[in-house]
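Colleague: Here it is, the structure, as structure tokens.
There are 2 protein chains.
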Amino acid sequence: MTTSSEAGRRPRAADRRPRVVLFDVFETMLQVDALGARFVDVGRPAHEWELFFTRTLRDGMALTLAGAAPPFGEVARAALRTTTGHTLSDEALDHVLAGFAHLPPHPDVEPALVALAHARVPTYAFTHGSAKTACDALDRAGLRTYLRGVHSAEAIGSFKPPARVYDWVCGQVDSPLDRTGLVAVHSWDVHGAVRAGLVGALATRLEGRVPAVVEPPHVSATRVDTAVERLLALPA
Amino acid sequence: MTTSSEAGRRPRAADRRPRVVLFDVFETMLQVDALGARFVDVGRPAHEWELFFTRTLRDGMALTLAGAAPPFGEVARAALRTTTGHTLSDEALDHVLAGFAHLPPHPDVEPALVALAHARVPTYAFTHGSAKTACDALDRAGLRTYLRGVHSAEAIGSFKPPARVYDWVCGQVDSPLDRTGLVAVHSWDVHGAVRAGLVGALATRLEGRVPAVVEPPHVSATRVDTAVERLLALPA
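Chains A and B, in that order, are what the protein sequence lines are. Counting from 0, one number per residue, gives the positions in the first sequence under numbering that gives the first Met the number 0. Counting from 0, one number per residue, gives the positions in the second sequence under numbering that gives the first Met the number 0.
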């Protein structure tokens, strides 16, 4: 889907084992579909969580494309109002949005974090949501102890996946682009990371397959732990 | 939501009647929810059209943020495969996607186009979908005769709403940014246009209200024809 003549195109990282790994948070580490129960609590259909979450990302990306994105929480609140037809009270909006800090972990994540710890690969969470919310949620989910830190692109007014967010986070964790891995279940996040020059690992449990429109990840597998095993099996 | 210190921020266009008007196509002129019937045809729930369409825009914007977007049709096909869990045959995918060229018009659009014609304001369609599909759909919907042309940001490998797409289309229609209007039901599209220096008109019939996270449009109204009346009522 990309042309080799594209201006400013960065070289693809070699297939090498990363020295630092970044983990996407929502949907990759934590089960966002658990928000469905909170939609039911406020009188909405459970399946609406997915339209709401997709719309939040779409709007955050649109605002990023147009110049600068406000914090994730503000974009999510506006998207929730729109998705629910302006029928929810402020209390009901708060109840749904508070759910982001109470999401259960996906069961294939802790084994992946254990493998990275055993391999002595420093691991960080990297979200465009609020770093505070992500910290709280990862604490409650029992995953935070495996992480050296939690970073959010919110700090630079951007949603993922432009190259500048991966440049920024690699600076934060003091790791060269081509020795940094990104693990996610969203193919567009891995696509952005690979195009920025990182080593991409896609778990396909959310999307089913690698879509035809993205840059191929360096490794992929259905489960997150298997994808991380393949990342660690790359030559040093 | 935006800071005055933001680098490269363009000045907001004055409240003046535009000399040329651009119309968004899908959802603004044409009823995309009509795709719901085609989801049912292929054994999927009708409401899935909205998640599919939102995902298509999110993915197209993500690919744009990461460097360059493939054509809308490719992004939509990949999003349809993912949204339907890879259960649809190629024929079923074709059937749903062909629906984009057969969408009925929103009833508040023809009166708006008549008003613009009476006012001698040249009007163009501006989409990030395929220009050919948009032309076919607008022909069938009986709206194409009011339009001087149909332009797609696909020509420059981008989805809306970065400033460069509005710069590009204003060049195509030979109109200065601050004398060009953009009419849409998506607040993020009007936001992008206003931040690029155009005159923005938002019809809120889709989203219900102007969201808190976007740049205020120059005019807004529930219906498209009323929004266009307000645009035409601005001082010359």
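From the three backbone atoms N, C-alpha and C, an ideal C-beta is built for every residue, glycine too.
#1: From serine 186/A to histidine 127/A, what does the alpha carbon distance come to, in whole angstroms?
#2: Identify which residue in His46/A, Leu201/A, Ala45/A, Pro175/A has its Cα closest to the Cα of valine 184/A.
#3: Taking C-beta pairs closer than 7 angstroms, name the residues in chain B that alanine 77/A reaches, listed in chain order.
#4: Determine the chain B residues that contact threonine 81/A at a beta-carbon separation under 7 angstroms, and present them in chain order.
#5: Going by CA-CA distance only, name the one from Ala211/A, Val223/A, Tyr123/A, Ile155/A that's closest to leucine 205/A.
#6: Cα-Cα, which of Arg9/A, Arg11/A, His190/A, Val19/A is closest to leucine 231/A?
#7: Do you know how far the Cα of valine 24/A is from the Cα of glutamate 214/B?
#8: Does the beta carbon of leucine 50/B sit closer than 8 angstroms to a beta carbon anywhere in chain A?
#9: Would DSSP call phenylalanine 52/B helix, strand or coil?
#10: Can you tell me the Cβ-Cβ gap for leucine 181/B and aspartate 188/B, rounded? I've got them flagged as a contact below 8 angstroms.
#11: Kindly provide the ranges of any alpha helix (DSSP H) runs that are 4 or more residues long and lie completely inside the region 130 to 198 of chain B, ordered along the chain.
#12: Taking all protein chains shown into account, decide if histidine 117/A is buried (16 or more other Cβ within 10 angstroms of its Cβ) or exposed.
#13: With a threshold of 8 angstroms on Cβ separation, who are the neighbours of arginine 80/A within its own chain once the five nearest residues in sequence on each side are excluded?
#14: Go through its chain and collect everything with a Cβ distance to alanine 33/B's Cβ below 8 angstroms, but skip five positions before and after it.
#15: Hey, how far is the Cα of aspartate 173/A from the Cα of leucine 112/A?
#16: Which stretch, first to last residue, makes up the beta strand (DSSP E) that contains leucine 21/B?
#17: Kindly indicate which residue of Trp167/A, Glu109/A, Arg194/A, Ser157/A has the alpha-carbon position closest to the one of arginine 8/A.
#18: Taking just the CA atoms, how far does leucine 233/A sit from glutamate 47/A?
#19: Pull up the distance between the alpha-carbon of glycine 191/A and that of alanine 12/A, whole angstroms please.
#20: Which class does phenylalanine 74/B belong to by DSSP, given the choice of helix, strand or coil?
#21: With 16 other CB atoms within 10 Å as the buried threshold, where does threonine 144/B fall?
#22: With a threshold of 8 angstroms between beta carbons, is glycine 66/A in contact with chain B?
#23: Please report whether the beta-carbon of phenylalanine 187/A lies at a distance below 8 angstroms from any beta-carbon of chain B.
#24: Taking alanine 77/A as the reference, give the member of Arg16/A, Arg163/A, Leu96/A, Leu64/A with the closest Cα.
#25: So, does the CB of glycine 191/B fall closer than 8 angstroms to a CB anywhere in chain A?
#26: For the region 24 to 58 of chain A, list every residue whose C-beta sits within 8 angstroms of some C-beta in chain B, in sequence order.
#27: Could you tell me which chain B residues have their CB closer than 9 angstroms to the CB of threonine 179/A, listed as they occur along the chain?
#28: Assess contact between the region 119 to 134 of chain A and the region 143 to 160 of chain A, defined as three or more Cβ pairs (one per stretch) separated by less than 8 angstroms. Is contact present?
#29: Suppose you measure from the CA of histidine 217/B to the CA of glycine 199/B; what does that come to, to the nearest Å?
#30: Please report the straight-line C-alpha distance between valine 41/A and glutamate 90/A, rounded to a whole angstrom.
#31: Any idea what DSSP makes of proline 10/B, helix, strand or coil?
Modeller: Working from what's here:
#1: Position 187 of the first sequence, counting from 1, holds the residue named residue 186/A. Position 128 of the first sequence, counting from 1, holds the residue named residue 127/A. Distance between the alpha carbons of serine 186/A and histidine 127/A: 15 angstroms.
#2: As a first step, residue 184/A is located in the first sequence; it is residue number 185 there, counting from the start. With distances taken between Cα atoms, valine 184/A lies closest to Leu201/A.
#3: Here residue 77/A refers to the residue found at position 78 when the first sequence is read from its first residue. In chain order: Pro210, Ala211, Val212.
#4: Reading the first sequence from its first residue, position 82 is the one you call residue 81/A. Within chain B, the residues near threonine 81/A are Glu206, Gly207, Pro210.
#5: Here residue 205/A refers to the residue found at position 206 of the first sequence. Comparing Cα-Cα distances from leucine 205/A to each of Ala211/A, Val223/A, Tyr123/A, Ile155/A, the minimum goes to Val223/A.
#6: Working through the first sequence from its first residue, we reach residue 231/A at position 232. The residue with the shortest Cα to Cα distance from leucine 231/A is Val19/A.
#7: Walking along the second sequence from the start, residue 214/B turns up at place 215. Walking along the first sequence from the start, residue 24/A turns up at place 25. Their Cα atoms are separated by approximately 29 angstroms.
#8: Within the second sequence, numbered from 1, the residue matching residue 50/B stands at position 51. Residue contact check for leucine 50/B against chain A: a CB pair falls below 8 angstroms.
#9: In the second sequence, the residue the question calls residue 52/B occupies position 53. Note: phenylalanine 52/B maps to helix in three-state DSSP.
#10: Translated into positions along the second sequence, residue 181/B becomes position 182. Translated into positions along the second sequence, residue 188/B becomes position 189. Indeed, because the Cβ distance is near 7 angstroms, the residues count as touching under 8 angstroms.
#11: 130 to 139, 162 to 171, 186 to 195
#12: Residue numbering aside, residue 117/A sits at position 118 when the first sequence is read from its first letter. It is exposed - the Cβ of histidine 117/A has fewer than 16 other Cβ atoms within 10 Å.
#13: By 1-based counting over the first sequence, the position of residue 80/A is 81. The beta carbon of arginine 80/A sits closer than 8 angstroms to the beta carbons of Leu87, Leu92 from its chain, once the five residues preceding and following it are set aside; these are given in chain order.
#14: As a working mapping, residue 33/B is identified with position 34 in the second sequence. Its chain contains Gly98, His101, Leu102, Pro103 as the residues whose beta carbon lies nearer than 8 angstroms to that of alanine 33/B, once the 5 sequence neighbours on both sides are disregarded; these appear in chain order.
#15: In the first sequence, residue 173/A corresponds to position 174, counting from 1. In the first sequence, residue 112/A corresponds to position 113, counting from 1. Near 20 angstroms, if we compare the C-alpha coordinates of leucine 112/A and aspartate 173/A.
#16: Walking along the second sequence from the start, residue 21/B turns up at place 22. Residues 19 to 22.
#17: Locating residue 8/A in the first sequence gives position 9, where the first residue counts as 1. Of Trp167/A, Glu109/A, Arg194/A, Ser157/A, the residue nearest in Cα terms is Arg194/A.
#18: Against the first sequence, residue 47/A aligns to sequence position 48. Against the first sequence, residue 233/A aligns to sequence position 234. For glutamate 47/A and leucine 233/A, the distance between alpha carbons rounds to 40 angstroms.
#19: What you label residue 191/A is simply residue 192 of the first sequence in a count that begins at 1. What you label residue 12/A is simply residue 13 of the first sequence in a count that begins at 1. Roughly 13 angstroms separates the two Cα atoms.
#20: Here residue 74/B corresponds to residue number 75 of the second sequence, with the count starting at 1. The sequence as given places valine at residue 74/B; phenylalanine does not occur at that position. Correct three-state label for valine 74/B: helix.
#21: Along the second sequence, read from residue 1 onward, the residue named residue 144/B stands at position 145. Looking at its Cβ environment, which holds fewer than 16 other Cβ atoms inside 10 Å, threonine 144/B is exposed.
#22: Locating residue 66/A in the first sequence gives position 67, where the first residue counts as 1. Glycine 66/A counts as touching chain B.
#23: For the purposes of this step, residue 187/A is identified with residue 188 of the first sequence, where counting begins at 1. Here residue 187/A is tryptophan; the residue named in the question, phenylalanine, does not match the sequence. Yes, tryptophan 187/A counts as interfacial toward chain B.
#24: Numbered from 1 along the first sequence, position 78 holds the residue referred to as residue 77/A. Looking at the Cα atoms, Leu96/A is the closest of the given residues.
#25: Position 192 of the second sequence holds residue 191/B. Yes, glycine 191/B counts as interfacial toward chain A.
#26: His46, Glu49, Leu50, Thr53, Arg54, Leu56, Arg57, Asp58
#27: For the purposes of this step, residue 179/A is identified with residue 180 of the first sequence, where counting begins at 1. By Cβ distance, chain B contributes nothing, its closest Cβ being about 16 angstroms from threonine 179/A, past 9 angstroms.
#28: yes
#29: Working through the second sequence from its first residue, we reach residue 217/B at position 218. Working through the second sequence from its first residue, we reach residue 199/B at position 200. Cα to Cα, histidine 217/B sits roughly 5 angstroms from glycine 199/B.
#30: Residue numbering aside, residue 41/A sits at position 42 when the first sequence is read from its first letter. Residue numbering aside, residue 90/A sits at position 91 when the first sequence is read from its first letter. Rounded to whole angstroms, valine 41/A and glutamate 90/A show a C-alpha spacing of 10 angstroms.
#31: Taking the second sequence and counting its residues from 1, one reaches residue 10/B at position 11. Coil, per DSSP.
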